[in-house]
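Student: Numbering (my numbering), first residue to last: 307 to 363.
Structure in structure tokens, see below.
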């Protein structure tokens with residue numbers, strides 16, 4: 307049960323981060339498509355850096 311609540315909480319937090327970042331970019335005058343692309347590039351870059359650090363022998 308605790309694991310399920312942790313997973314649900316993590317998904318909720320990720321969705322709120324996504325919503326907050328995209329809505330902030332849209333409120334600054336960016337188009338929705340470019341806001342989504344910016345968010346995906348930031349998340350992808352972060353994931354790539356974490357992957358590179360973890361795979362370093």
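Even for Gly, the Cβ is constructed at its ideal location relative to N, Cα and C.
Would you kindly work out how many angstroms separate the C-alpha atoms of residue 354 and residue 361, rounded to a whole number?
Tutor: The straight-line gap from Cα to Cα measures roughly 10 Å.
Student: From what residue to what residue does the alpha helix (DSSP H) around residue 358 run?
Tutor: Residue 358 -> alpha helix (DSSP H) spans 338-360.
Student: Measuring only the C-alpha atoms, how far is residue 335 from residue 350?
Tutor: C-alpha separation (whole angstroms): 23 Å.
Student: Tell me whether residue 307 sits in a helix, a strand or coil according to DSSP, three-state version.
Tutor: Residue state, collapsed to three classes: coil.
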